[in-house]
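Asker: Let me begin by handing over the structure; questions about it come next.
Number of protein chains: 2
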Amino acid sequence: MSSNSPRRRDVTVADVAKAAQVSKAQAARALGNYGAVSDDVRERVLAAAEELSYRPNELARSMNTGKSHTIGVVVGDIENPHFGLATRGITDIAKKAGFNVILINTDEDLAAEVDAVQVLLDKRVDGFIVAPASSLNTGHLQRIQEARRPLVLLDRAAEGLDAQALAVDMTDMAYESTRYLLGAGHRRIAFISTIKTDGPYVDGMVLDSSQITERLEGMGRALREEGLELSGELVRLNAGDAASIRNITREVLLMPDPATAVVASDSLIALSVIEAIQELGLSIPDDVSFLMYDDFAWTRLTTPPLTVIAQPVYDMGAAAANALIRQIEGRKPAPAPELAASLIKRGSVGAPRAVAAAVPEG
Amino acid sequence: MSSNSPRRRDVTVADVAKAAQVSKAQAARALGNYGAVSDDVRERVLAAAEELSYRPNELARSMNTGKSHTIGVVVGDIENPHFGLATRGITDIAKKAGFNVILINTDEDLAAEVDAVQVLLDKRVDGFIVAPASSLNTGHLQRIQEARRPLVLLDRAAEGLDAQALAVDMTDMAYESTRYLLGAGHRRIAFISTIKTDGPYVDGMVLDSSQITERLEGMGRALREEGLELSGELVRLNAGDAASIRNITREVLLMPDPATAVVASDSLIALSVIEAIQELGLSIPDDVSFLMYDDFAWTRLTTPPLTVIAQPVYDMGAAAANALIRQIEGRKPAPAPELAASLIKRGSVGAPRAVAAAVPEG
DNA sequence: GCTAGGATTGAGACCGGACTCACAGCGGGG
DNA sequence: CCCCGCTGTGAGTCCGGTCTCAATCCTAGC
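Taken in order, these protein sequences are the chains called A and B.
Numbered by the numbering used here, the letters in the first sequence go through residues 1 to 362 in order.
Numbered by the numbering used here, the letters in the second sequence go through residues 363 to 724 in order.
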């Protein structure tokens, strides 16, 4: 503790100016590369800056340009590989365009999201990418727009906002995949999601998540074409932790007229569902068919490999960042990119036992 | 485009002060909750602030407090669940302590890391958490310390720095797990890692990653106890993309005296290794035993479930954030937390074919 | 030789808070 | 009754850049 300089001040333009024997204004011009500066001055200033290893204070710069070159990203959970990958897409594009990313995790909690938005607003980020915890409760997102800050939604849409949403439209894919299951002979298809609702699912219920709404819409359409219906018996929401997912899985598989196929709304749910199936001593796809949303490398390694609905998650993040940065820079919005999901048939969907055994009769 | 106010200015203390009919200084005091303010003034100011929905500009505040309440996190790849989970640990703790996180991805590229550090330094973050791409090339990290900013290392140590490193000491666990493989009868154990080196591995080689160094150290110790050695034949580094991992896997399994056990250095490598094994028509653990570093939920779902070396990744991130924040706040460092890895024996390690068949003779 | 007009240059305002300093008002002790 | 000291208060500086504005230089054109 010899030289305890209490607050070692950084080298500033003024210091550089003094060293170069020019005015602060001239030094700033030379360093900032604007205005008119003679070669002589420029050289002296740059040399002095080098000598003092001057680095501009971005904070100060942000303060009077009003631009922080930072974007705020608010997601439910980066631990979830879905968001991990999307975040990677965002940061890759952001970095390329010279933007930094402040990441806030909300745990899918609305209050935390409201808070996150406020914090980022206070920090004067240049724009927002939000994966809204709720598609309905969007007051805080409106506040972003009132503050005239660019906002792009990720993964889910939100009501009452005039904001671009970079998400895969799942309605069609949900329809297709349900038809695929129906085509394999399934009539009892369970859908398990973590989305929170006030009570059990009833047909036509308004949900907080546009993603789930779309999925159920597509699924319902396919079912109705076969004279079937979405019911609270098989559409199981509020699947919170691993234990509740396990319970729900047991319920739908052990009920009198059990599900013969289970659709997991994301990879985290899938893990618990599959474990529950294994615990029941059932095998996929002989006893139960299984389908999940999102594709990750490990789904190819299970036995059997899993049939999944793949989403271009990385691209979605990248597209969101691109769209946001265009907005920030005042360029006109690019046409919405194609973000199509696809059904990847591997080995976890087969014919239901009952149908395989029974005489097909209608 | 009716009211195109070109740059809608934010409400400032001055505005509030005017509305409350007090001086800027008084308004600042009332809002900032410092200094002496009469009840009357305080009330008027707070009411005016509320009325105008005043929000302090954190940028401005940061500028003269010198604190940004932001920490910079530099990792190799958030897409990798290992870092995803660690990042979650970091952000959880940071949020609780009122800090935000700027996340930069380096793709394990040193130049990108150097750049990231510079950017964060320019942004005047309060502290750094870095998972260094190189344990040897640390000039940029030293610069952080020269700038008197707190720095904590994540996952890996780095030379020439007086910085706390929050990482699991893998030497012992590598030793233990190798003994476990040896105990099962394996004599040819391959180790596959993505770490980049100038040439093939030779015993005693200095590596860029303290993590890998530790693993090989522990592994080597166990091998030598059995009269065996680490060799470039079975220690395979530079396993870059999926294709090269696949090639390497084929090589070690198809060589004249092939590996009977393969250790994958992380989960991403593991995926490609297992696929390669499956492609060769070999089965785990009958034909090849398999062990990987890091434990993720999906490892329980493969057939067989994978034997892994689990690390408390979330805790590591949380501990790093805690340590950093203590430093930032000038509190004395907490004792280093226990971050122990553990060997989780599931089903991917068995006896090697040769030994199972042959008469054990020594 | 003189002047218009562009190139240079320095002083200083400004961004939006935090904070120093000088000063007024007021109550109590000597 | 006077001085001391504490609370309240406003003016103004500072943080570290950007940027405006007016002054000065310089050179070509007449």
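Using N, Cα and C, we set each Cβ at its ideal position, and we do this for glycine too.
Since this is a predicted model, take the numbers as computed values, not measurements.
Which whole-angstrom value describes the C-beta separation of V487/B and I433/B, a residue pair presumed to lie in contact below a C-beta threshold of 8 Å?
Answerer: Position 125 of the second sequence, counted from the first residue, corresponds to residue 487/B. Position 71 of the second sequence, counted from the first residue, corresponds to residue 433/B. At roughly 6 Å, the Cβ-Cβ gap stays under 8 Å, so V487/B and I433/B are in contact.
Asker: When DSSP labels each residue in this structure, what does S209/A get in the three-state scheme?
Answerer: Counting from 1 along the first sequence, the entry for residue 209/A is found at position 209. Three-state DSSP puts S209/A in coil, outside helix and strand.
Asker: From N80/A to V399/B, what does the alpha carbon distance come to, in whole angstroms?
Answerer: If you number the first sequence from 1, residue 80/A lands on position 80. If you number the second sequence from 1, residue 399/B lands on position 37. For N80/A and V399/B, the distance between alpha carbons rounds to 48 Å.
Asker: Using only the alpha-carbon positions, how far apart do A682/B and V514/B sit?
Answerer: Locating residue 682/B in the second sequence gives position 320, where the first residue counts as 1. Locating residue 514/B in the second sequence gives position 152, where the first residue counts as 1. Taking the straight line from one Cα to the other gives about 6 Å.
Asker: Below 8 Å CB to CB, which residues in the same chain sit around P304/A once its five sequence neighbours on both sides are set aside?
Answerer: Position 304 of the first sequence, counted from the first residue, corresponds to residue 304/A. Answer for P304/A: I284, P285, R346, G347 and S348, listed in chain order.
Asker: Counting only the same chain and skipping the five closest in sequence on each side, list residues whose C-beta sits under 7 Å from that of A348/B.
Answerer: What is shown of chain B runs 363 to 724, which leaves residue 348/B out entirely.
Asker: Leaving out five residues on either side along the sequence, give the residues of the same chain with a beta carbon under 7 Å from the beta carbon of V13/A.
Answerer: Reading the first sequence from its first residue, position 13 is the one you call residue 13/A. The answer, listed in chain order, is K24, A27, A28 and L31.
Asker: Do E475/B and S497/B come within 9 Å of each other at the CB atom, strictly closer than that value?
Answerer: Translated into the one-based positions of the second sequence, residue 497/B becomes position 135. Translated into the one-based positions of the second sequence, residue 475/B becomes position 113. Contact flag unset, no.
Asker: Between A604/B and L633/B, what straight-line distance do the alpha-carbon atoms span, to the nearest angstrom?
Answerer: As a first step, residue 604/B must be located in the second sequence, where it is residue number 242. As a first step, residue 633/B must be located in the second sequence, where it is residue number 271. Roughly 9 Å between the two C-alpha positions.
Asker: Roughly how many angstroms separate the alpha carbons of S629/B and R417/B, rounded to a whole number?
Answerer: Position 267 of the second sequence, counted from the first residue, corresponds to residue 629/B. Position 55 of the second sequence, counted from the first residue, corresponds to residue 417/B. Distance between the alpha carbons of S629/B and R417/B is about 45 Å.
Asker: Using only alpha-carbon positions, find the residue among G330/A, D315/A, G317/A and W298/A that is nearest to V308/A.
Answerer: The sequence position of residue 308/A within the first sequence is 308, counting from 1. That would be W298/A, whose Cα lies nearest to the Cα of V308/A.
Asker: To which residues of the same chain is A167/A closer than 8 Å at the C-beta, ignoring the five residues directly before and after it?
Answerer: Along the first sequence, read from residue 1 onward, the residue named residue 167/A stands at position 167. Contacts found: L153, L154, D155, R156, A157, S210, Q211, M316 and L339.
Asker: Quickly, what does DSSP pair G489/B with across the bridge? List them, please.
Answerer: One-based indexing of the second sequence puts residue 489/B at position 127. Its beta-bridge partners are I433/B.
Asker: List the residues of chain A whose Cβ lies closer than 7 Å to the Cβ of M425/B, in chain order.
Answerer: Here residue 425/B refers to the residue found at position 63 when the second sequence is read from its first residue. In chain order: L59, A60 and M63.
Asker: Kindly give me the distance between the Cβ atoms of G388/A and T171/A, rounded to whole angstroms, as I take these residues to be in contact under 8 Å.
Answerer: In this structure chain A extends from 1 to 362, so residue 388/A is not present and cannot be described.
Asker: Relative to the C-alpha of M654/B, which candidate in I636/B, A626/B, G545/B and V675/B has its C-alpha closest?
Answerer: Reading the second sequence from its first residue, position 292 is the one you call residue 654/B. For the residues I636/B, A626/B, G545/B and V675/B, the minimum Cα distance to M654/B belongs to A626/B.
Asker: Considering just the uninterrupted stretch of the beta strand (DSSP E) at L166/A, what are its terminal residues?
Answerer: Taking the first residue of the first sequence as position 1, residue 166/A is located at position 166. It spans Q164 to L166 - the beta strand (DSSP E) in which L166/A sits, taken as one unbroken run.
Asker: Which of helix, strand or coil does DSSP assign to V407/B?
Answerer: Along the second sequence, read from residue 1 onward, the residue named residue 407/B stands at position 45. If DSSP states are grouped into helix, strand and coil, V407/B belongs with the helices.
Asker: With 9 Å as the C-beta to C-beta threshold (strictly closer), list the residues of the region 479 to 505 of chain B near chain A in chain order.
Answerer: The region 479 to 505 of chain B vs chain A, Cβ under 9 Å: Q480, V481, L482, L483, D484, K485 and R486.
Asker: Between L590/B, D657/B, N395/B and V403/B, which has its C-alpha nearest V384/B's C-alpha?
Answerer: Walking along the second sequence from the start, residue 384/B turns up at place 22. When each option's Cα is compared against that of V384/B, the closest is V403/B.
Asker: Could you name the residues of the same chain whose beta carbon sits closer than 6 Å to that of V373/B, not counting the 5 residues immediately before and after it, in chain order?
Answerer: In the second sequence, the residue the question calls residue 373/B occupies position 11. For V373/B, where only same-chain residues beyond five positions count, the Cβ hits under 6 Å are L414 and Y416.
Asker: Output needed for T500/B: all residues of its chain with C-beta closer than 8 Å, excluding positions within five of it in sequence on either side, in chain order.
Answerer: Indexing the second sequence from 1 puts residue 500/B at position 138. The residues are P494, A520, E521, G522 and L523.
Asker: To the nearest angstrom, how far is the alpha carbon of A259/A from that of K67/A?
Answerer: As a working note, residue 259/A is residue 259 in the first sequence. As a working note, residue 67/A is residue 67 in the first sequence. Each residue's alpha carbon lies about 54 Å from the other.
Asker: Does the beta carbon of V101/A come closer than 9 Å to any beta carbon on chain B?
Answerer: Reading the first sequence from its first residue, position 101 is the one you call residue 101/A. By this cut-off, V101/A is an interface position.
Asker: In the region 449 to 463 of chain B, which residues sit with their C-beta less than 8 Å from some C-beta in chain A, listed in chain order?
Answerer: Per Cβ criterion, the list reads T449, R450, T453, D454, K457, N462 and V463.
Asker: Alpha carbon to alpha carbon, how far is A422/B from D377/B? Give it in angstroms, no decimals.
Answerer: Position 15 of the second sequence holds residue 377/B. Position 60 of the second sequence holds residue 422/B. Each residue's Cα considered, the two are about 15 Å apart.
Asker: Relative to the C-alpha of P562/B, which residue among T540/B, G545/B, A601/B and A525/B is closest?
Answerer: Along the second sequence, one-based indexing puts residue 562/B at 200. Residue A601/B is the option with its Cα nearest to P562/B.
Asker: According to a CB-to-CB cut-off of less than 8 Å, which residues of the region 589 to 609 of chain B neighbour chain A?
Answerer: Listed in sequence order: no entries.
Asker: So that I know if they touch, is there some Cβ in chain A lying closer than 9 Å to that of F658/B?
Answerer: Taking the first residue of the second sequence as 1, we reach residue 658/B at position 296. True, the Cβ-Cβ gap to chain A drops below 9 Å.
Asker: Report the CB separation of I78/A from G446/B in whole angstroms; it is logged as a contact under 8 Å.
Answerer: Within the first sequence, the letter at position 78 stands for residue 78/A. Within the second sequence, the letter at position 84 stands for residue 446/B. Yes, they are in contact, since the Cβ atoms of I78/A and G446/B sit about 5 Å apart, within 8 Å.
Asker: If you run the structure through DSSP and keep just helix, strand and coil, what is I195/A?
Answerer: Position 195 of the first sequence, counting from 1, holds the residue named residue 195/A. I195/A falls in the coil class under three-state DSSP.
Asker: Which residues in the same chain as A456/B place their Cβ atom closer than 8 Å to its Cβ, once the five residues preceding and following it in sequence are excluded?
Answerer: Your numbering for residue 456/B matches position 94 in the second sequence. Only I433, N462, V463, A683 and I687 meet the Cβ criterion.
Asker: The alpha helix (DSSP H) spanning T171/A covers which residue range?
Answerer: Stepping through the first sequence from its first residue, residue 171/A is reached at position 171. Here the alpha helix (DSSP H) through T171/A covers M170 to G183.
Asker: Would you decide whether G451/B is buried or exposed? Buried here means 16 or more other CB atoms lie within 10 Å of its CB.
Answerer: Taking the first residue of the second sequence as position 1, residue 451/B is located at position 89. Buried, because 16 or more other Cβ atoms sit within 10 Å of the Cβ of G451/B.
Asker: Label N4/A either buried or exposed according to how many other C-beta atoms from any shown protein chain fall within 10 Å of its C-beta, with 16 as the threshold for buried.
Answerer: If you number the first sequence from 1, residue 4/A lands on position 4. Confidence at N4/A is low in this model, with a pLDDT of 38, below 50, so the placement of that residue should be treated as unreliable; the coordinate-derived value is given next. It is exposed - the Cβ of N4/A has fewer than 16 other Cβ atoms within 10 Å.
Asker: Less than 8 Å between the CB atoms is what I'm expecting for T197/A and L237/A, so what's the real figure, rounded?
Answerer: The residue given as residue 197/A occupies position 197 in the first sequence. The residue given as residue 237/A occupies position 237 in the first sequence. Going by Cβ atoms, the distance from T197/A to L237/A rounds to 5 Å, so yes, they are a contact pair.
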